[in-house]
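Taking it in order: structure first as structure tokens, then the write-up.
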Amino acid sequence: MAEAVQTEKHGFQTEVKQLLQLMIHSLYSNKEIFLRELVSNAADAADKLRFKALENNALYENDGELHVKISTDQDAGTITIVDNGIGMTRDEVIENLGTIAKSGTKDFFSKLSGDQAKDSQLIGQFGVGFYSAFIVADKVTVKTRAAGSEASQGVLWESEGEGEFSLGEIEKTQRGTEITLHLRDDEKEFLDAWKLRSIIGKYSDHISIPVRMWKDEIPESEGPDGEKTPAQPGEWETVNKATALWTRDKSDVSDDEYKEFYKHVSHDFADPLMWSHNRVEGKNEYTSLLYIPSKAPFDLWNRDQKHGLKLYVQRVFIMDDAEQFMPTYLRFVKGLLDSNDLPLNVSREILQDNKVTQSLRTGCTKRVLQMLERMAKNDTDKYQSFWTEFGNVLKEGPAEDFANKDKIAGLLRFASTHNDGDAQTVSLADYISRMNEGQDKIYYVTADSYEAAKNSPHLEIFKKKGIEVLLMGERIDEWLMSHLTEFEEKSFQSIASADIDLSELDDEDTKKAQEEAKKQVEGVEARVKEALGDKVIDVKFTHRLTDSPAVIVADNNGMTTQMMKLMQAAGQPVPDVKYHFELNPEHALIKTLADLQDEDTFKKWSEVLFDQAALSEQGSLKDPAQFVKNLNGLLMTLVK
């Protein structure tokens, strides 16, 4: 193989430089993963070639035995990993090795804390891939040629993992990719063949193509009895099982093997929380191996990011990220699906309309929900860990998957007034089990944050009566509740809506006291309505408050504050929203307001009380300057 005729220098993308430095300095305790990642990439390249060759058998170039070969050079201090997979073109080399093609990298790096232990875990959520080679190497050389291209179209890529890489053209007779790692002086332990074999056995035993290492020749020997053992020539020896893990019986696969296979398909660094391996026979025959990760990837909320399962048909790789088999609200699930019913020449267009696809999607979705239900029932701590990472994604489910709405609702967790702290640990079943006698609704409040929800004035009467309320402080919660109307025949009720009525829970003495309070401030409703004009829908007395003088509530059929904010965040036009203004007749300020005779002062007080209620509900005001002016004017009257 000739050396490059000419090379050119290219600068790394800034994020790549940061990632390389972070891996080199933060992952020393996990150095051996470099081999796992590079072998996984080689296996993926073989899978992709096998798929493309279904339409063009010439891509095999008369070499259909796919494999990975690993060799060492003690004198040069190098490890070389060679595959005869799909290979790369010059543009693909630049895209895959010179940049990080995933979107959201800036967000990833914004989360780095400077704590090496924490940051190394974050890398695991990002996927180290090819760049893990620089954990042990101070220089990496890549020679590659895409299957089906001319031998003269080989590409040489080389870098020392600093600010730049070189790129050149070479003659490469064999398709595929050859990666040579020039090991650092303190990493020469990886030149030991036995160590490399043990790493392959640990991490790559499940790879479905042979991983081979050179077995040295054995010279002729003579035994004690004078019998001679003939010499054995050196040869390439397969050092992994080379059997697709999902095709094996569950009883023959260890937990460690399942965990390592997860890291292969997901390129995650941490172990999964849970997995399910199932072979289904009958009308549709398929095998699924589904994993629940322990940590959310950094780009979980990037809906443009590809997600889905690896798809195989009759053990032939078809595509990565086959999103047709997993609903969007379960996009965190990793794993694969191997079907016997889909055609080998399957395409994305066929998948979208295929009845078999819908059946497989239903089966995989059911399997994941069963896993989560089992986890929630048998290991609450583990489920709470899952919820912390993926709970807000699962909340998309009731809107997307009507058939499984009840199952998803049972998996939801919330903070509530029953909790001490903001932990979302309360299930809807828990809430119902604690409902007061005579209570027929599940009460909740939505806000910008847990703190805002916990301190909402709408809660006052519920705290007084000891009625539990779910506290929802995530932006998605309002959208969730617009699609979740009931659970176990109990309807949901926002405590911020205008038609809230707890009078059935009041005793006679309480009702009499409320009527007396209204009489003492009679006429205030009409005066406040006149003072505020078209700012409000109407003004009325309420007994939902105990400490606050007033509150604004959404119209029963109108848009809530949180839905309005959700639409604004999405860049959608938002109509002018008006509220009901409710006054607490038992509050001292309302009683003082009733005694005011000066209409100008009365108007200022009405506007200040309305703005205070709006500020508490919305977190901001349309005209804060006017609020300050009114408040200062009222304060000046007190000074005088």
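According to the numbering used here, the sequence shown is numbered sequentially starting from 4. For each residue, glycine too, the CB sits at the ideal point set by N, CA and C. Just so we're clear, the structure is a prediction, and the values are computed from it rather than from any experiment.
Check: Roughly how many whole angstroms lie between the Cα atoms of S247 and V359?
Finding: Within the sequence shown, residue 247 is the residue found at index 244, counting from 1. Within the sequence shown, residue 359 is the residue found at index 356, counting from 1. According to the sequence shown, residue 247 is Ala rather than Ser. Straight-line Cα distance between these residues: approximately 23 Å.
Notebook entry, point to check: What distance in whole Å lies between the Cβ atoms of L548 and E610, which are believed to be in contact at a cut-off of 8 Å?
Noted result: Residue numbering aside, residue 610 sits at position 607 when the sequence shown is read from its first letter. Residue numbering aside, residue 548 sits at position 545 when the sequence shown is read from its first letter. So it is not a contact: roughly 19 Å between Cβ atoms.
Check: Which residues in the same chain have their Cβ closer than 7 Å to the Cβ of T428, if we skip the five residues on either side of it in sequence?
Finding: The residue labelled residue 428 in the question sits at position 425 within the sequence shown. Counting only Cβ-Cβ distances below 7 Å, and skipping sequence neighbours, we find Q387, R416, N422.
Next item on the list: Measure the C-alpha to C-alpha separation of A104 and E98 and round it to an integer number of angstroms.
Entry: Counted from its first residue, the sequence shown places residue 104 at position 101. Counted from its first residue, the sequence shown places residue 98 at position 95. With a pLDDT of 41 at A104, under the threshold of 50, the predicted position of this residue should be treated as unreliable, and no value is reported.
Check: Quick one: Cα of S207 to Cα of E263, how far?
Finding: Start at 1 with the first residue of the sequence shown, and residue 207 comes out as number 204. Start at 1 with the first residue of the sequence shown, and residue 263 comes out as number 260. If you take the alpha carbons of S207 and E263, they lie about 8 Å apart.
Checklist line | 8 Å contact criterion, which I73 and I84 should meet: CB distance rounded | finding: For the purposes of this step, residue 73 is taken as the residue at position 70 of the sequence shown. For the purposes of this step, residue 84 is taken as the residue at position 81 of the sequence shown. Confirmed, Cβ separation roughly 5 Å.
Next item on the list: Check whether the Cβ atoms of L345 and S291 sit closer than 9 Å, and answer yes or no.
Entry: Taking the sequence shown and counting its residues from 1, the one referred to as residue 345 is at position 342. Taking the sequence shown and counting its residues from 1, the one referred to as residue 291 is at position 288. Not a contact, by the Cβ cut-off of 9 Å.
Next item on the list: With DSSP collapsed to three states, give me the class of G366.
Entry: Here the question's residue 366 lines up with position 363 in the sequence shown. Three-state result, G366: helix.
Checklist line | Span separating the alpha-carbon of L38 from that of S269 | finding: One-based indexing of the sequence shown puts residue 38 at position 35. One-based indexing of the sequence shown puts residue 269 at position 266. Cα to Cα, the separation comes out at about 16 Å.
Notebook entry, point to check: Do you know how far the Cα of S211 is from the Cα of D255?
Noted result: Here residue 255 refers to the residue found at position 252 of the sequence shown. Here residue 211 refers to the residue found at position 208 of the sequence shown. The straight-line gap from Cα to Cα measures roughly 16 Å.
Margin query: Once the 5 residues before and after K136 are set aside, which same chain residues still bring their CB inside 6 Å of it?
Written below: As a working note, residue 136 is residue 133 in the sequence shown. The residue you asked about is not Lys; residue 136 is Ala in the sequence shown. Closer than 6 Å at Cβ, skipping near neighbours: F37, V143, L184.
Item checked: Cβ neighbour criterion (16 or more within 10 Å) applied to L638 -> By one-based count along the sequence shown, residue 638 stands at place 635. When all chains shown are included, L638 counts as exposed.
Margin query: To the nearest angstrom, how far is the alpha carbon of Y294 from that of F405?
Written below: Translated into positions along the sequence shown, residue 294 becomes position 291. Translated into positions along the sequence shown, residue 405 becomes position 402. Going by the C-alpha atoms only, they are around 23 Å apart.
Next item on the list: Would you mind listing the beta strand (DSSP E) stretches within the segment 551-609 that are 3+ residues and don't spill past its ends, in chain order?
Entry: 553-557, 582-586
Next item on the list: Keeping to the same chain, check which residues put their C-beta closer than 8 Å to that of M484; ignore five residues upstream and five downstream.
Entry: Your numbering for residue 484 matches position 481 in the sequence shown. Taken in chain order, the residues that qualify are Y447, T449, M475, F495, S497.
Checklist line | Inter-residue spacing [alpha-carbon to alpha-carbon] between K522 and K532 | finding: Here residue 522 corresponds to residue number 519 of the sequence shown, with the count starting at 1. Here residue 532 corresponds to residue number 529 of the sequence shown, with the count starting at 1. Using only the alpha carbons, I get a separation of about 18 Å.
Notebook entry, point to check: What are the partner residues of Q235, as DSSP defines its beta bridges?
Noted result: Taking the first residue of the sequence shown as position 1, residue 235 is located at position 232. Answer by DSSP bridge pairing, in chain order: I221.
Check: Within 10 angstroms of its Cβ, does D50 collect 16 or more other Cβ (buried), or is it exposed?
Finding: On the sequence shown, residue 50 is found 47 positions in, with the first residue counted as 1. Buried: at least 16 other Cβ atoms inside 10 Å.
Next item on the list: Quick one: grab the DSSP three-state call for G107.
Entry: In the sequence shown, residue 107 corresponds to position 104, counting from 1. Here G107 scores only 42 on pLDDT, less than 50, and its place in the model should not be relied on; the value that follows carries that caveat. Note: G107 maps to coil in three-state DSSP.
Next item on the list: Take R351 and list the residues in its own chain whose beta-carbon comes closer than 6 Å to its own, dropping the five residues that flank it on each side.
Entry: As a first step, residue 351 must be located in the sequence shown, where it is residue number 348. Bear in mind that the predicted position of R351 carries a pLDDT of just 49, short of 50, making it too unreliable to give a figure here.
Check: Do the segment 214-221 and the segment 236-247 make contact, defined as three or more Cβ pairs closer than 8 Å?
Finding: yes
Next item on the list: Less than 8 Å between the CB atoms is what I'm expecting for L431 and F490, so what's the real figure, rounded?
Entry: Looking up residue 431 in the sequence shown gives position 428. Looking up residue 490 in the sequence shown gives position 487. Indeed they touch by this definition, with Cβ atoms about 5 Å apart.
Margin query: So M322 and L333 are supposed to be a Cβ contact under 8 Å. How far apart are they, rounded?
Written below: Translated into the one-based positions of the sequence shown, residue 322 becomes position 319. Translated into the one-based positions of the sequence shown, residue 333 becomes position 330. With a Cβ gap of about 18 Å, M322 and L333 do not count as contacting.
Next item on the list: Could you tell me whether the segment 624-633 touches the segment 540-559, where touching means 3 or more Cβ pairs closer than 8 Å?
Entry: no
Item checked: Contact under 9 Å by Cβ, M438 with K493 -> For the purposes of this step, residue 438 is identified with residue 435 of the sequence shown, where counting begins at 1. For the purposes of this step, residue 493 is identified with residue 490 of the sequence shown, where counting begins at 1. A contact, by the Cβ cut-off of 9 Å.
Checklist line | Own chain, CB closer than 6 Å to D480, minus 5 neighbours either side, in chain order | finding: In the sequence shown, residue 480 corresponds to position 477, counting from 1. So the qualifying residues of the chain are T449.
Check: Are M374 and W278 touching if we call contact CB-CB under 9 Å?
Finding: Counting from 1 along the sequence shown, the entry for residue 374 is found at position 371. Counting from 1 along the sequence shown, the entry for residue 278 is found at position 275. Contact: yes.
Note to self: Beta-carbon within less than 6 Å of H461's beta-carbon, same chain only, minus the 5 sequence neighbours each way: which residues are those?
What the structure shows: For the purposes of this step, residue 461 is taken as the residue at position 458 of the sequence shown. Result list for H461: V448, I498, A499, in chain order.
Notebook entry, point to check: Residue range of the alpha helix (DSSP H) that H267 falls in?
Noted result: As a working note, residue 267 is residue 264 in the sequence shown. Element bounds for H267: 258-269.
Check: By how many angstroms is the C-alpha of V42 removed from the C-alpha of A296?
Finding: Stepping through the sequence shown from its first residue, residue 296 is reached at position 293. Stepping through the sequence shown from its first residue, residue 42 is reached at position 39. In the sequence as displayed, the identity of residue 296 is Pro instead of Ala. For P296 and V42, the distance between alpha carbons rounds to 22 Å.
Check: Smallest Cα separation from L414: which of A46, D47, E192, L487?
Finding: The residue you call residue 414 lines up with position 411 of the sequence shown. That would be L487, whose Cα lies nearest to the Cα of L414.
Checklist line | CA nearest to the CA of V96, picked from N357, E172, S419 | finding: Residue numbering aside, residue 96 sits at position 93 when the sequence shown is read from its first letter. Checked all of N357, E172, S419; the closest Cα to V96 is E172.
Check: Alpha carbon to alpha carbon, how far is S644 from K298?
Finding: The structure shown does not extend to residue 644, since the chain spans only 4 to 643, so no value can be given for it.
Next item on the list: Assign L487 to one of three DSSP states: helix, strand, or coil.
Entry: Locating residue 487 in the sequence shown gives position 484, where the first residue counts as 1. Of the three classes helix, strand and coil, the one that applies to L487 here is coil, per DSSP.
Next item on the list: Have a look at V524 and Q615 and give me their C-alpha separation to the nearest angstrom.
Entry: Walking along the sequence shown from the start, residue 524 turns up at place 521. Walking along the sequence shown from the start, residue 615 turns up at place 612. Taking the straight line from one Cα to the other gives about 20 Å.
Checklist line | In chain order, each beta strand (DSSP E) run of at least 3 residues that lies wholly inside the segment 420-480 | finding: 444-449, 473-475
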